[in-house]
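*Asks:* Quick note, the sequences are listed as chains A and B, same order. Mind the numbering: the first sequence is residues 1 to 352 in the UniProt record's numbering, read in order. Mind the numbering: the second sequence is residues 1 to 352 in the UniProt record's numbering, read in order.
Protein chains: 2
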Amino acid sequence: MKKRAENTTGIREIAKRANVSIGTVDRVINNRPGVSAKTKETIQKIIEELDYQPNIMARMLASKKVIRIAALIPSVSNETGYWNAPLKGINEAASEIRNFGVVVDNYFFDQNAKQTFTDQADNILKQNYDGLLLAPMFENESIAFLSRCRQNHIPFVLINSDLADQANVAYIGPDLFQSGYLAAHLSKYLISASQTVLVVNISREIDLHHHLLKKEEGFRTSFEKEHTGVAIDKVDINETDYDSLQKTLKRVFKKNKPDLVFVTNSRVSSVARFFEENKIQDVKLIGYDFLEENIEYLKKGTIDFLICQKPQEQGYKGVMSIYQHLLQAPVESVQYMPIDIITKENYSYYKN
Amino acid sequence: MKKRAENTTGIREIAKRANVSIGTVDRVINNRPGVSAKTKETIQKIIEELDYQPNIMARMLASKKVIRIAALIPSVSNETGYWNAPLKGINEAASEIRNFGVVVDNYFFDQNAKQTFTDQADNILKQNYDGLLLAPMFENESIAFLSRCRQNHIPFVLINSDLADQANVAYIGPDLFQSGYLAAHLSKYLISASQTVLVVNISREIDLHHHLLKKEEGFRTSFEKEHTGVAIDKVDINETDYDSLQKTLKRVFKKNKPDLVFVTNSRVSSVARFFEENKIQDVKLIGYDFLEENIEYLKKGTIDFLICQKPQEQGYKGVMSIYQHLLQAPVESVQYMPIDIITKENYSYYKN
DNA sequence: CTGAAAGCGCTTACAG
DNA sequence: CTGAAAGCGCTTACAG
Chain A
1 MKKRAENTTG
11 IREIAKRANV
21 SIGTVDRVIN
31 NRPGVSAKTK
41 ETIQKIIEEL
51 DYQPNIMARM
61 LASKKVIRIA
71 ALIPSVSNET
81 GYWNAPLKGI
91 NEAASEIRNF
101 GVVVDNYFFD
111 QNAKQTFTDQ
121 ADNILKQNYD
131 GLLLAPMFEN
141 ESIAFLSRCR
151 QNHIPFVLIN
161 SDLADQANVA
171 YIGPDLFQSG
181 YLAAHLSKYL
191 ISASQTVLVV
201 NISREIDLHH
211 HLLKKEEGFR
221 TSFEKEHTGV
231 AIDKVDINET
241 DYDSLQKTLK
251 RVFKKNKPDL
261 VFVTNSRVSS
271 VARFFEENKI
281 QDVKLIGYDF
291 LEENIEYLKK
301 GTIDFLICQK
311 PQEQGYKGVM
321 SIYQHLLQAP
331 VESVQYMPID
341 IITKENYSYY
351 KN
Chain B
1 MKKRAENTTG
11 IREIAKRANV
21 SIGTVDRVIN
31 NRPGVSAKTK
41 ETIQKIIEEL
51 DYQPNIMARM
61 LASKKVIRIA
71 ALIPSVSNET
81 GYWNAPLKGI
91 NEAASEIRNF
101 GVVVDNYFFD
111 QNAKQTFTDQ
121 ADNILKQNYD
131 GLLLAPMFEN
141 ESIAFLSRCR
151 QNHIPFVLIN
161 SDLADQANVA
171 YIGPDLFQSG
181 YLAAHLSKYL
191 ISASQTVLVV
201 NISREIDLHH
211 HLLKKEEGFR
221 TSFEKEHTGV
231 AIDKVDINET
241 DYDSLQKTLK
251 RVFKKNKPDL
261 VFVTNSRVSS
271 VARFFEENKI
281 QDVKLIGYDF
291 LEENIEYLKK
301 GTIDFLICQK
311 PQEQGYKGVM
321 SIYQHLLQAP
331 VESVQYMPID
341 IITKENYSYY
351 KN
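Encoded structure:
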């Protein structure tokens, strides 16, 4: 390896040109008070001329600072292993930047209990982190939390589902509306005009899981726009255990059996199980996420296709984005994930 | 931000415990000669006990070293813009690690002239880089080049197409065989048994573009394995200009018109143009890569689907992998890209 | 074979 | 408002 070229652009060079000490230069670079307007100006001019870029390594070393990032995401439940993937991405990013003085602490909440969310939010605020990565599953609670983060000048990125007007550094995740829209578009290949579609939202806190509703909205819009004459019913299932789900679906199917079911999240495998146990074979089924249980049903043909949006990458990029921001580097504020279609034919090639 | 905890694990602490100077500790950490076997051993023991991890930032700063990486990839020709995407990924990675004393130099060669490849290879070897990123489009020339890299102890990663037994740090790109295999699998939905398929390889140096042949092999294997009775013809087109291509295809189609054409690289748009100009509408068409001209034909329905394998990510991960390796971090040695299927329905959501 | 000193490009008290 | 000194955790000559 070669030696770095003689440094003629450092803080020392600036000091020499401005006829001041490096301490003064440091003050204006870091916007610290105690510099006369005049010297400040001359120094800034020189900085521009030299196109000075601070040496991040020297800075981190000298300041002995550690960048502390908190990540708050749902815990992996026995109902769905989805959050394994974002967590993996978060940990991957964390280990890549550990060498550069960054610590990432993971916090988890139960998607079925919003109290656990607010508890963890309080926890995080007490610890005074430098940045936050959040999966804002509960809308109102998230908004309250983020408002307190803003008060404490803690920048944050959002992953998995978006929240409008939160002054977040970045959103990394699906375009929820488009995701539902594409699902509808593909559905049109599976059914014909004037058939019936059923949208199924499964969540104990549906009113709070705004992201499900955005997907539903995109789904409906696609059908409405193209005037297919397809009728769209919907059902919200507020209990996530299989028995409750079965009871509800039985009732709905008895009343009006659909030709296609669109499940707005990863719990599509429960519906597939319902199909299997009740020998329902003529109903198409679409849902979300590359989970082992979903893939099983995809293989068998019970599920027709799954939509997946790179959950691991969301975690990885989420951490990297907040880190880049804390390093004062520019960060793309909206990073939509691609909308991947998983079928029986290509699932074995998919990388989560 | 918090102060880093009191450092009780640094080189200084090791020196104290071993009753030596930090210079000696440095020598054993970096495997430099001039340390007695005995002190070396005691120091190593302490390093293990403390689970000592060197501070990369301090190391880079003190050594004034710059990590220099060369990237050698095809230039963007007017025939195909494919290599824009990997280049973008390379540059993205380069700018992310520039702060950490890394310089990435890009070199380009003309895919239609292997001389330009060997010239650039010579160039790179003269400059004594610390690491190399290579798209080994020309098989024999690449093998010769890499053998010289090994002699010079320059580690390298391969992207886009693999080469066996080269002792590379990593391969990042498609599983070529599987890519062709999946293409064949999906083709079966477009045609029926006992129809005819034509494989088209377009390249001025086909014998050297081994990666096209690997895709063809996967494609054939899939059909053979499932005994569909489909007949597979093939044609190699050695001139990449449209007129030559048209002439050849006209001849082939006259003799035996296929029901489906599989183009093994991104030049599928030329075949689409041929279809269009000659009013061929009943032949299915499959090819590679998310390029503007390909997407145009996909929209029109001339191309049925495209296979795409994250070219930008290949460039990004290629640089990051060689960088991690030079930092002594472990790197996954085979990183296959997902095999994405692009259709009229989902192309607008695809991220290259 | 080993040690002591200087320095990498910054930041952080402290002194004036 | 400004400067001089010490130090971050290493590496690099140089001296012995």
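Even for Gly, the Cβ is constructed at its ideal location relative to N, Cα and C. For clarity, every value in this text was computed on a predicted model and none was experimentally measured.
Under 8 Å Cβ-Cβ, which residues of chain B neighbour residue 353 (chain A)?
*Replies:* Residue 353 (chain A) is absent from the model: chain A starts at 1 and stops at 352.
*Asks:* Is there a Cβ from chain B that is less than 7 Å from the Cβ of residue 226 (chain A)?
*Replies:* no
*Asks:* Could you check what DSSP says for residue 201 (chain A) in three-state terms: helix, strand or coil?
*Replies:* strand
*Asks:* Listed from N- to C-terminal order along the chain, which residues in the region 319-334 of chain B have their beta-carbon within a distance smaller than 7 Å of any beta-carbon of chain A?
*Replies:* none
*Asks:* Under the three-state reduction of DSSP, which class applies to residue 155 (chain A): helix, strand or coil?
*Replies:* coil
*Asks:* Output the boundary residues of the alpha helix (DSSP H) element that contains residue 126 (chain B).
*Replies:* 114-127
*Asks:* Check the Cβ-Cβ distances between residue 112 (chain A) and every residue of chain B, and say whether any is below 7 Å.
*Replies:* no
*Asks:* Distance, Cα to Cα, residue 34 (chain A) vs residue 43 (chain A)?
*Replies:* 14 Å
*Asks:* Give me the Cα-Cα distance between residue 189 (chain B) and residue 316 (chain A), rounded to the nearest whole angstrom.
*Replies:* About 36 Å.
*Asks:* Any idea what DSSP makes of residue 286 (chain A), helix, strand or coil?
*Replies:* In this structure, residue 286 (chain A) counts as strand in the three-state DSSP scheme.
*Asks:* Output yes if chain A places a C-beta closer than 7 Å to the C-beta of residue 58 (chain B); else output no.
*Replies:* yes
*Asks:* Going along chain B, which residues have a C-beta under 7 Å from residue 338 (chain A)?
*Replies:* Per Cβ cutoff of 7 Å: 349, 350 and 351.
*Asks:* Using a cut-off of 8 Å between C-beta atoms, extract the partners of residue 178 (chain A) located in chain B.
*Replies:* 349
*Asks:* Give a yes or no on whether 7 Å exceeds the smallest Cβ distance from residue 19 (chain A) to chain B.
*Replies:* no
*Asks:* Any residues in the region 288-310 of chain A with a beta carbon nearer than 7 Å to a beta carbon of chain B? Which ones, in chain order?
*Replies:* Per Cβ criterion, the list is empty.
*Asks:* Return the residue from the list B:59, B:171 and B:285 that minimises the CA-CA distance to residue 260 (chain B).
*Replies:* B:285
*Asks:* Tell me whether residue 111 (chain B) sits in a helix, a strand or coil according to DSSP, three-state version.
*Replies:* coil
*Asks:* Measure the C-alpha to C-alpha separation of residue 130 (chain B) and residue 95 (chain B) and round it to an integer number of angstroms.
*Replies:* 18 Å
*Asks:* Leaving out five residues before and five after residue 175 (chain A) in sequence, what residues of the same chain have Cβ atoms less than 7 Å from its Cβ?
*Replies:* Beyond the five residues adjoining it in sequence on each side, residue 175 (chain A) comes within less than 7 Å, by CB distance, of 336 in the same chain, given in chain order.
*Asks:* Using a C-beta to C-beta distance shorter than 9 Å, which residues of chain A count as neighbours of residue 61 (chain B)?
*Replies:* 55, 57, 58 and 61
*Asks:* Contact defined as beta carbons within less than 8 Å: I believe residue 235 (chain B) pairs with residue 221 (chain B). What is the distance between those atoms, to the nearest angstrom?
*Replies:* Residue 235 (chain B) to residue 221 (chain B), Cβ: 19 Å. No contact.
*Asks:* Note down, in chain order, each residue of its chain lying with its Cβ closer than 6 Å to the Cβ of residue 355 (chain B), except the 5 sequence neighbours on either side.
*Replies:* In this structure chain B extends from 1 to 352, so residue 355 (chain B) is not present and cannot be described.
*Asks:* Please determine whether the Cβ atom of residue 156 (chain B) lies at a distance below 6 Å from any heavy atom of the ligand HEM.
*Replies:* Among the components modelled here there is no ligand, and therefore nothing to report on the ligand HEM.
*Asks:* Are at least three pairs of beta-carbons, each pair with one atom in the region 50-67 of chain B and one in the region 52-67 of chain A, less than 8 Å apart?
*Replies:* yes
*Asks:* Which same chain residues, not among the five before or five after residue 233 (chain B), have their C-beta less than 6 Å away from its C-beta?
*Replies:* 198
*Asks:* Mark residue 113 (chain B) as exposed unless 16 or more other C-beta atoms lie within 10 angstroms of its C-beta, in which case mark it buried.
*Replies:* exposed
*Asks:* Give a yes or no on whether 7 Å exceeds the smallest Cβ distance from residue 210 (chain B) to chain A.
*Replies:* Not one chain A Cβ lies under 7 Å of residue 210 (chain B).
*Asks:* For residue 123 (chain A), tell me which candidate among A:107, A:312 and A:138 has the shortest Cα-Cα distance.
*Replies:* The shortest Cα separation from residue 123 (chain A) among A:107, A:312 and A:138 belongs to A:107.
*Asks:* Thinking C-beta only, is residue 320 (chain B) closer than 7 Å to residue 167 (chain B)?
*Replies:* no
*Asks:* State the beta-bridge partners of residue 173 (chain B) as determined by DSSP.
*Replies:* B:336
*Asks:* With a cut-off of 7 Å, does the C-beta of residue 153 (chain B) fall near any C-beta of chain A?
*Replies:* no
*Asks:* Relative to the C-alpha of residue 69 (chain A), which candidate in A:80, A:90 and A:12 has its C-alpha closest?
*Replies:* When only C-alpha atoms are compared, the closest one is A:90.
*Asks:* Which of the three DSSP states is assigned to residue 131 (chain A) in this structure?
*Replies:* Three-state DSSP puts residue 131 (chain A) in a strand.
*Asks:* Is it buried or exposed for residue 132 (chain B), if we count other Cβ within 10 angstroms and need 16 for buried?
*Replies:* buried
*Asks:* With DSSP as the reference, please indicate the residues paired to residue 196 (chain A) in a beta bridge.
*Replies:* In DSSP, residue 196 (chain A) forms a bridge with A:231.
*Asks:* Between which two residues does the beta strand (DSSP E) harbouring residue 305 (chain B) extend?
*Replies:* 305-308
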